[in-house]
Amino acid sequence: MIKWIVSDLDGTLFDGHGETVLDLSAENEAALREIQQAGIEFSAASGRMIGYSIHLMKKYGFSKIRAAGFNGAVGYDQGKWVAVRALKRETLGQIIQLLRSECPQLETLQIQGMNSERIFTSLDHPAALRYRQECAKTGIGQVMDFTVDQYLERDRGLLAGKLSAQFNSPAVCQAVYHRLSHQFHDQCLIHRSGDRLLEIGNCLAHKGLFLAYLKETYQLQPQEMAVIGDSLNDAEMFSEAQHTFAMKSGSEELQRLATHTVDSAAQAMRWCIAYNQNEQRERENLFSAKA
Numbered sequence: 041m042i043k044w045i046v047s048d049l050d051g052t053l054f055d056g057h058g059e060t061v062l063d064l065s066a067e068n069e070a071a072l073r074e075i076q077q078a079g080i081e082f083s084a085a086s087g088r089m090i091g092y093s094i095h096l097m098k099k100y101g102f103s104k105i106r107a108a109g110f111n112g113a114v115g116y117d118q119g120k121w122v123a124v125r126a127l128k129r130e131t132l133g134q135i136i137q138l139l140r141s142e143c144p145q146l147e148t149l150q151i152q153g154m155n156s157e158r159i160f161t162s163l164d165h166p167a168a169l170r171y172r173q174e175c176a177k178t179g180i181g182q183v184m185d186f187t188v189d190q191y192l193e194r195d196r197g198l199l200a201g202k203l204s205a206q207f208n209s210p211a212v213c214q215a216v217y218h219r220l221s222h223q224f225h226d227q228c229l230i231h232r233s234g235d236r237l238l239e240i241g242n243c244l245a246h247k248g249l250f251l252a253y254l255k256e257t258y259q260l261q262p263q264e265m266a267v268i269g270d271s272l273n274d275a276e277m278f279s280e281a282q283h284t285f286a287m288k289s290g291s292e293e294l295q296r297l298a299t300h301t302v303d304s305a306a307q308a309m310r311w312c313i314a315y316n317q318n319e320q321r322e323r324e325n326l327f328s329a330k331a
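The working numbering runs 40 ahead of the 1-based position in the sequence shown.
Shown next as structure tokens:
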């Protein structure tokens with residue numbers, strides 16, 4: 041029986057969302073309610089700050105909230121922080137200096153804090169203005185009143201969970217990914233979360249660690265877990281579960297790792313419900329035959 045489903049957010053559960061990312065498509069919202077009725081536990085594991093996962097699960101009626109943010113750098117279990125793997129400020133400074141000096145194609149830099157803070161290169165950057173509006177709408181996080189450079193200058197008591205860097209082309213993004221992965225492999229973990237976006241986190245953090253935590257804490261076996269994702273930052277989760285679902289709209293490489301490909305997160309969740317129902321019927325038939 042599948043006891044637990046863990047889903048990515050962007051490109052997966054957030055696919056087809058409404059005014060804000062927390063306004064899920066009707067199909068995904070209905071599927072979340074269906075798995076609750078079926079008694080299947082659910083967790084969100086995202087590259088986003090943890091606030092999105094927590095707010096999402098509260099909004100859609102989950103009383104027991106276990107979630108991961110920043111690709112596993114932070115873990116949350118019913119009011120307790122069970123993992124905090126921050127990026128060193130010195131490492132951030134080295135990476136940002138390299139990007140600025142060697143990558144004129146760099147479009148956006150953003151540091152995100154463990155408590156859902158956002159720090160931009162300038163206070164009036166278009167992305168900063170956009171996220172101020174999003175924070176007001178969703179109630180998640182805040183855009184800080186100091187810049188990336190000011191953060192790097194001195195310790196402000198803010199733990200960095202992730203550095204995001206966006207470039208003007210997929211080719212540049214790929215080249216920078218290889219450069220940073222080679223130079224900083226022992227200091228941080230780098231994911232390509234989109235054609236032009238890199239996400240840089242603690243070298244000891246990935247989503248698979250959250251799955252491992254759930255398995256150990258709640259005594260779960262791989263066959264009792266299902267995961268849903270769309271990009272390569274979900275790959276470590278796939279190695280921890282038997283039932284793995286990759287979005288057809290996402291990474292082709294992740295699709296090759298998955299046991300199933302799906303058009304939506306809802307399709308994956310409903311497959312899990314049907315799988316459990318079929319197992320229950322088989323058990324009942326076996327019991328009846330023995331009787």
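Beta carbons: idealized from backbone N, C-alpha and C, even for Gly.
Tell me whether Asn242 sits in a helix, a strand or coil according to DSSP, three-state version. strand
Below 9 Å between beta carbons: does that hold for Gly87 and His218? Their beta carbons are not under 9 Å apart, which means Gly87 does not touch His218 by this criterion.
Since Pro210 and Arg236 should fall inside the 8 Å C-beta cutoff, what is the C-beta to C-beta distance between them, to a whole number of angstroms? Sure, about 6 Å apart at Cβ, within 8 Å.
Using the C-alpha atoms, what's the distance from His57 back to Asp50? 10 Å
If Asp226 sits next to Cys213, beta carbons under 8 Å apart, how far is it from one beta carbon to the other, in whole angstroms? Not confirmed; about 22 Å, so no contact.
How about Ile268 and Ile45: do their beta carbons lie closer than 9 Å? Yes.
Please check the pair Ala275 and Gly201, which I expect to be a contact at CB under 8 Å, by giving their CB distance rounded to whole angstroms. Incorrect: roughly 20 Å between the Cβ atoms, too far for contact.
Below 8 Å on the Cβ atoms is my contact criterion, and I expect Met309 with Gln282 to pass it. Report the Cβ-Cβ distance as a whole number of Å. Going by Cβ atoms, the distance from Met309 to Gln282 rounds to 16 Å, so no, they are not a contact pair.
If you follow the alpha helix (DSSP H) that Cys175 is part of, which residue opens it and which one closes it? Run containing Cys175: 166–178, per the alpha helix (DSSP H) assignment.
Within 10 Å of its beta-carbon, does Met41 have 16 or more other beta-carbons around it, so buried, or fewer, so exposed? So Met41 counts as exposed.
Grouping DSSP H, G and I as helix and E and B as strand, with all else coil, what is Arg196? coil
Work out the CA separation of Val188 and Lys77 for me, nearest whole Å. As written in the sequence, residue 77 is Gln, which differs from the Lys given in the question. Whole-angstrom Cα-Cα distance: 45 Å.
Cβ distance (whole Å) where Lys99 is taken to contact Leu62 below 8 Å: 6 Å
For Ile42, does the three-state DSSP call read helix, strand or coil? coil
If I measure Cβ to Cβ from Glu293 and keep anything under 7 Å in the same chain, skipping five residues before and after, which residues do I get? Leu272
Burial state of Glu356, where buried means 16 or more other Cβ atoms lie within 10 Å: This structure leaves residue 356 out entirely; the chain is present only between 41 and 331.
Cβ neighbours of Ile313 in the same chain (closer than 8 Å, five flanking residues each side left out): Glu74, Ile75, Ala78, Ile80
Exposed or buried, Ser83, counting other C-beta atoms within 10 Å across all chains shown (16 or more means buried)? buried
In the DSSP assignment, find the alpha helix (DSSP H) that holds Lys98 and state where it starts and stops. Counting along the chain, the unbroken alpha helix (DSSP H) around Lys98 starts and ends at 90–99.
Touch test, the region 121–139 against the region 162–176, Cβ-Cβ under 8 Å, three pairs minimum: no
For Ala107 versus Ala71, is the C-beta spacing smaller than 9 Å? no
Does DSSP put Val124 in a helix, a strand or coil? strand
Starting from Val267 and walking both ways along the beta strand (DSSP E), at which residues does that stretch end? 265–269
Taking buried to mean at least 16 other C-beta atoms within 10 Å of its own C-beta, is Gly109 buried or exposed? buried
Counting C-beta neighbours from all protein chains within 10 Å, is the total for His222 16 or more, i.e. buried, or is it exposed? With fewer than 16 Cβ atoms within 10 Å of its Cβ, His222 is classed as exposed.
Round the Cβ separation of Gly91 and Gly181 to the nearest angstrom and send it over; I've been treating them as touching at under 8 Å. 6 Å
Identity of the residues DSSP links to Ala108 by a beta bridge: Ala85, Gly115
Put Lys255 into one of helix, strand or coil per three-state DSSP. helix
My output table needs one value for Glu59: the three-state DSSP class, helix, strand or coil. coil
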